[in-house]
Every structure is written in C-alpha cells, then in structure tokens.
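Quick note on numbering: the sequence shown equals residues 3 to 125 in this note's numbering. Just so it is clear, CB atoms sit at the ideal spot from N, CA and C, and this is done for glycine as well. Please read all numbers here as calculations on a predicted model, not as lab measurements. Each remark here refers to the structure printed beneath this line.
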Amino acid sequence: DKDKWIDTERLRWASHFGIPITQEMPPNFPPLTLHVMRTLCALEHLDAQSGTPRQERLVRALDHLFARYWVDRVPTHQPEVLKAELTKIFGTEQTEQILEEPVGPIKKKLIENTDLAFSEGAF
Numbered sequence: 003d004k005d006k007w008i009d010t011e012r013l014r015w016a017s018h019f020g021i022p023i024t025q026e027m028p029p030n031f032p033p034l035t036l037h038v039m040r041t042l043c044a045l046e047h048l049d050a051q052s053g054t055p056r057q058e059r060l061v062r063a064l065d066h067l068f069a070r071y072w073v074d075r076v077p078t079h080q081p082e083v084l085k086a087e088l089t090k091i092f093g094t095e096q097t098e099q100i101l102e103e104p105v106g107p108i109k110k111k112l113i114e115n116t117d118l119a120f121s122e123g124a125f
C-alpha cells in the first residue's frame, strides 16, 4: 500500500504548494536516476571550477527536468533524453562540456552529497 500512499501524498503536497504535477505517476516509476544525479553534480562541479560558483545553471536544470518528468512525463532519466533536454537549456556546446566531465571527481562529489544527506537526516 506504500505506493498508493506515496501517490496520494505527492498530489496533496503539490496541490498545497501550487506545484504543477501530472495526476498519473510517470511510467516505470521509480526510474534509475544515477545518470541524472551524476550529470547535475558535473554541472555543479563545472560551475565551481569556473571561479564563480553559483547555482543558477543547476536551478535552471532542476526546474526544467522536474517539469519534463513530473508534468510532461518525459523519461529524462534516459541518457539520450537527458542530453536532448540539457541541450534545450544550455545549447550543444555547454551540454557536451557537462556530459564529458570526468567521472572520477563527479562520482566522488555524488558520494559526498549522499553522505551529507544521510548525516542531515534526509533519509
């Protein structure tokens, strides 16, 4: 029954806070999101390396990907779809730069972020 409860609660909270969301769960929920999480960490990592760490691009990506997945039901977790969606936001050159970021530091950052979330009680 947990899946029914989660579905009911997600719709209640979205309504309460005025967040657009599809009434139906996206197909094959929950998706594997490792590729998306690594991509967002790469974006954050690149911005930090640029000397002007900011969250502007990260927020734009999160807003866009949330709407595409939870409103339009687009499978943004699929690598080719994710690339197409990032290209809509950032253009081809920036998207290639984000997706070509070396895996090692990104993997490390994602592990650090996950450990921090656990230590702060997110799970």
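From His-47 to Phe-120, what does the alpha carbon distance come to, in whole angstroms? In the sequence shown, counting from the first residue as 1, residue 47 sits at position 45. In the sequence shown, counting from the first residue as 1, residue 120 sits at position 118. If you take the alpha carbons of His-47 and Phe-120, they lie about 21 Å apart.
Cβ shell of Gly-118 (< 8 Å), same chain only, five flanking positions each side left out: The residue you call residue 118 lines up with position 116 of the sequence shown. Note that residue 118 is Leu in the sequence shown here, rather than Gly. Closer than 8 Å at Cβ, skipping near neighbours: no residue.
At 3 residues or longer, and completely inside the stretch 19 to 81: list those beta strand (DSSP E) runs for me, N to C. The DSSP assignment places no complete beta strand (DSSP E) segment of no fewer than 3 residues inside the stretch 19 to 81.
Sorted by chain position, which residues of the same chain lie with C-beta nearer than 6 Å to Pro-33's C-beta, five sequence neighbours on each side aside? Within the sequence shown, the letter at position 31 stands for residue 33. Within the same chain, His-79 come within 6 Å of Pro-33 by CB-CB distance, once the 5 residues on both sides are set aside.
Comparing alpha-carbon positions, which option in Phe-31, Ile-21, Phe-19 and Gly-20 lies nearest Ile-8? Sequence index remark: in the sequence shown, residue 8 carries index 6 (1-based). Ranking the options by Cα distance to Ile-8, first place goes to Phe-31.
Whole angstroms are fine: how far does the CA of Glu-82 sit from the CA of Leu-36? Position 34 of the sequence shown, counted from the first residue, corresponds to residue 36. Position 80 of the sequence shown, counted from the first residue, corresponds to residue 82. Leu-36 and Glu-82 have their C-alpha atoms some 14 Å from each other.
At the level of alpha carbons, what is the spacing between Ile-100 and Leu-42? Residue numbering aside, residue 100 sits at position 98 when the sequence shown is read from its first letter. Residue numbering aside, residue 42 sits at position 40 when the sequence shown is read from its first letter. The C-alpha of Ile-100 lies about 9 Å from the C-alpha of Leu-42.
Flag this pair as yes or no: are the beta carbons of Arg-12 and Ile-23 separated by less than 8 Å? One-based indexing of the sequence shown puts residue 12 at position 10. One-based indexing of the sequence shown puts residue 23 at position 21. Judged by beta-carbon spacing, Ile-23 lies within the 8 Å limit of Arg-12, meaning their Cβ atoms are closer than that value.
Can you give me the Cβ contacts of Glu-87 inside the same chain, cut-off strictly under 8 Å, excluding the 5 residues immediately before and after it? Counting from one through the sequence shown, the residue named residue 87 turns up at place 85. The residues are His-66, Leu-67, Arg-70, Val-76 and Thr-78.
Using alpha carbons as the reference points, say which of Gly-20, Ile-108, Lys-85 and Pro-29 lies closest to Glu-98. Your numbering for residue 98 matches position 96 in the sequence shown. When each option's Cα is compared against that of Glu-98, the closest is Lys-85.
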